[in-house]
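Student:
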């Protein structure tokens, strides 16, 4: 399992519209083969900053089953208009305790 972390800065004043668009876009992402879970959080100190957390079976599942498909275009078409800048996206592995 890998965790995708996307830092999303939304244009100030459009946070509620972004959240509504995310509600429509969520099923597109969640229904992708290899997607285990999706969670969006909103900053308290920086309310225009959102963090998307997606658990994938693998980086390949993210790239091949989502990023390289029409699903990504649909997803980005819904939420992209609210971005203040392109999101910063990275993948992470758990550290064993």
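Residue numbers (full-length UniProt numbering): 1 to 97. Yeah, the Cβ is synthetic: ideal placement off N, Cα and C, and Gly gets one too.
Going straight from the alpha carbon of residue 36 to that of residue 12, what length do you get?
Tutor: 31 Å
Student: Just how far apart, CA to CA, sit residue 2 and residue 64?
Tutor: About 14 Å.
Student: Residue 78 lies in the alpha helix (DSSP H); which residues open and close that run?
Tutor: 70 to 79
Student: Residue 60 to residue 17, Cα distance in whole Å?
Tutor: Rounded to the nearest angstrom, the two C-alpha atoms are 31 Å apart.
Student: I need the straight-line Cα distance from residue 5 to residue 54, nearest angstrom please.
Tutor: 7 Å
Student: Secondary structure at residue 59, three-state DSSP: helix, strand or coil?
Tutor: helix
Student: Spatial neighbours of residue 82 within its chain, please: CB distance less than 7 Å, with the 5 preceding and 5 following residues excluded, ordered by chain position.
Tutor: Within the same chain, residue 82 has close Cβ partners 10, 11, 14, 17, 18, 21.
Student: Taking the alpha carbon of residue 90 as the reference point, which residue from 42, 62, 47, 45 has its own alpha carbon closest?
Tutor: 62
Student: Based on Cα-Cα distance, which residue from 24, 8, 44, 28 lies nearest to residue 69?
Tutor: Between residue 69 and the set 24, 8, 44, 28, the nearest pair of CA atoms involves 28.
Student: Would you mind stating whether residue 32 and residue 67 have Cβ atoms separated by less than 7 Å?
Tutor: no
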